[in-house]
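Below you'll find the structure, written out as structure tokens, and then a few comments.
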Amino acid sequence: MKRVVITGAGTINALGHSVSETLTSMQEGRCGIGALEFQDVDRLSIKIGGQVRDFEAEGRFNRQQMALYDRFTQFTLFAADEAIQQSGLAFDGELATTTGVVLGTAGGGVSTWDDNYRSVYEDGKNRVHPFVVPKLMNNAAASHVSMEHNLKGPSFTVSTACASSNHAMAQAFQMVRTGMATAMVTGGSESMLCFGGVKAWEGLRVMSKDACRPFSANRKGMVQGEGAGIFVFEEYEHAKARGAEILCEVIGFAMSSDAADIVMPSKQGAARAISGALKDARLNPEDVGYINAHGTGTAANDKTECAAVADSFGQHADQLMISSTKSMHGHLIGGTGAVELLACIMALRDGVIAPTIGYEEPDPECALDVVPNEARDAKVDVVLSNAFAFGGLNAVLALRKI
1 MKRVVITGAG
11 TINALGHSVS
21 ETLTSMQEGR
31 CGIGALEFQD
41 VDRLSIKIGG
51 QVRDFEAEGR
61 FNRQQMALYD
71 RFTQFTLFAA
81 DEAIQQSGLA
91 FDGELATTTG
101 VVLGTAGGGV
111 STWDDNYRSV
121 YEDGKNRVHP
131 FVVPKLMNNA
141 AASHVSMEHN
151 LKGPSFTVST
161 ACASSNHAMA
171 QAFQMVRTGM
181 ATAMVTGGSE
191 SMLCFGGVKA
201 WEGLRVMSKD
211 ACRPFSANRK
221 GMVQGEGAGI
231 FVFEEYEHAK
241 ARGAEILCEV
251 IGFAMSSDAA
261 DIVMPSKQGA
271 ARAISGALKD
281 ARLNPEDVGY
291 INAHGTGTAA
301 NDKTECAAVA
311 DSFGQHADQL
321 MISSTKSMHG
331 HLIGGTGAVE
341 LLACIMALRD
351 GVIAPTIGYE
361 EPDPECALDV
371 VPNEARDAKV
381 DVVLSNAFAF
391 GGLNAVLALR
401 KI
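Written out as structure tokens, the structure reads:
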């Protein structure tokens, strides 16, 4: 098996339009959640979210591109540019044919669906734009990244609700590890913050109207976010030979299915994914210093995740730091694991643990060190990133300092 490292990272989300802006916001415990601004927001019960502000797509993309790029694709291309530029890779010749794209998204072109349903049903129009289908399809972002950067290797999209990004990055990791690819562009994106997207989530009655407070006894539910996180996964010897800056090493992953309930999480399913990632990475529980939690701010998720961590780590669970950055940037659904991986890289490279902000009251069923409200300086060598999705689909990644 080949070693796999990360040599590029890019993002746009409610905390910033770059990796550096996002990490600074995480270090400062800044909240990117605020009042939503889009058409018909007054008809919603939920009016807050982690919305990307001051993103001028028209100034970045031309008219023809705008006709093809849903907002989730725009975010993906923006973040991919940053990641690939940082990696220093130029995809031509053999490298182009051995590099692909695997991205995660749950909703794909939700904004495009929303705009065109409004056009047909509310405005009474009988035609839609001829590019509606290629604009809204879930694989649109992956396809446009491959075309923009000449990536001719395996390229596809993974859609597993809230675990989409982690599942996508796990596939990219496996492709590089087994030698199927030299490098992979991977991560995820989401943009559900439109009337139809939020209205659908309102129906689940799991949304908070004021703030996201993971692990806090007075939590009121999750808050949606939007954006993208994109990474370049590269074979270690290839990166080393060209003198690339290495952000960290990806050392293992595991996936599991609860096979139990479409919305209620299972402690056993989550614990199997956590323990499986440790086994795949050949880690002992005490090797892990930090976990970026799924941490949605719903009672069912928070309590189940903490119980799964306790089962998987035993006595070492009390020594772990575990935080949820969703408290700051919101839940990006299919894109969330990718943005959260930035907090894992920050922990390994900078020795800074992102906090769980909004924490107000201890919950005896979440009695772990959740790094409440303020970032913490701490040296860690190994971290995990958890993602647990509707449908009972779980994906956990393990990363190491290098």
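Just so we're aligned: the sequence shown equals residues 1 to 402 in the working numbering. For each residue, glycine too, the CB sits at the ideal point set by N, CA and C. Note that the structure is predicted; figures quoted are calculated from it, not measured.
Please name the residue or residues paired with residue i in a DSSP beta bridge.
i           : result
residue 331 : 224
residue 343 : None, per the DSSP bridge assignment.
residue 393 : 257 and 389
residue 13  : 16 and 227
residue 290 : 321 and 383
residue 398 : 252 and 384
residue 184 : 100 and 233
residue 156 : 102
residue 275 : Its beta-bridge partners do not exist; DSSP assigns none.
residue 63  : Note: residue 63 sits in no beta bridge, so no partner.
residue 143 : For residue 143, which the question treats as bridged, DSSP gives no partner whatsoever.
residue 376 : 353
residue 207 : 222
Excluding five sequence neighbours on each side, which residues of the same chain lie with their C-beta closer than 8 Å to the C-beta of residue i?
i           : result
residue 151 : 91, 96, 99, 100, 101, 145 and 185
residue 131 : 67 and 68
residue 371 : 321, 322, 323, 353, 354, 355 and 356
Which residues in the same chain as residue i place their Cβ atom closer than 6 Å to its Cβ, once the five residues preceding and following it in sequence are excluded?
i           : result
residue 258 : 266, 269 and 392
residue 236 : 3 and 5
residue 27  : 352 and 375
residue 388 : 265, 270, 294 and 394
residue 398 : 251, 252, 277, 281 and 384
Alpha carbon to alpha carbon, what distance is there between residue j and residue i?
i           : j           : result
residue 20  : residue 232 : 17 Å
residue 169 : residue 113 : 26 Å
residue 364 : residue 220 : 16 Å
residue 405 : residue 360 : This structure leaves residue 405 out entirely; the chain is present only between 1 and 402.
residue 70  : residue 346 : 30 Å
residue 352 : residue 369 : 15 Å
residue 156 : residue 362 : 42 Å
residue 281 : residue 253 : 7 Å
residue 77  : residue 315 : 43 Å
residue 74  : residue 58  : 10 Å
residue 272 : residue 312 : 8 Å
residue 328 : residue 32  : 5 Å
residue 367 : residue 306 : 8 Å
residue 214 : residue 285 : 24 Å
residue 192 : residue 296 : 16 Å
residue 83  : residue 234 : 12 Å
residue 126 : residue 161 : 32 Å
residue 174 : residue 123 : 47 Å
residue 274 : residue 283 : 11 Å
residue 303 : residue 294 : 11 Å
residue 14  : residue 86  : 21 Å
residue 137 : residue 128 : 15 Å
Taking all protein chains shown into account, decide if residue i is buried (16 or more other Cβ within 10 angstroms of its Cβ) or exposed.
i           : result
residue 43  : exposed
residue 242 : exposed
residue 178 : exposed
residue 121 : exposed
residue 356 : buried
residue 290 : buried
residue 204 : exposed
residue 133 : exposed
residue 379 : exposed
residue 135 : buried
residue 400 : buried
residue 147 : exposed
residue 260 : exposed
Comparing the CB of residue i with every heavy atom of the ligand PLP, is any distance shorter than 7 Å?
i           : result
residue 164 : This structure does not include the ligand PLP; it has no bound ligands of any sort.
Quick one: residues in its chain with C-beta nearer than 7 Å to the C-beta of residue i, no 5 flanking neighbours on either side, listed in chain order?
i           : result
residue 300 : 264 and 265
residue 247 : 6, 7, 9, 345 and 349
residue 88  : 244
residue 197 : 107, 110 and 114
residue 171 : 102 and 158
residue 225 : 13, 14, 49, 50, 329, 330, 331 and 332
residue 164 : 104, 105, 106, 158, 188 and 334
For chain B, find out if any of its Cβ atoms is closer than 8 Å to the Cβ of residue i; answer yes or no.
i           : result
residue 358 : Among the chains of the structure shown, chain B does not appear; only one protein chain is present.
Q.
Does the structure place the stretch 30–40 close enough to the stretch 333–341 that three or more beta carbon pairs sit under 8 Å?
A. These segments do not touch.
Q. Does the stretch 206–215 come within contact of the stretch 44–56, defined as at least 3 CB pairs closer than 8 Å?
A. Touching, yes, given that three or more Cβ pairs across the two stretches are closer than 8 Å.
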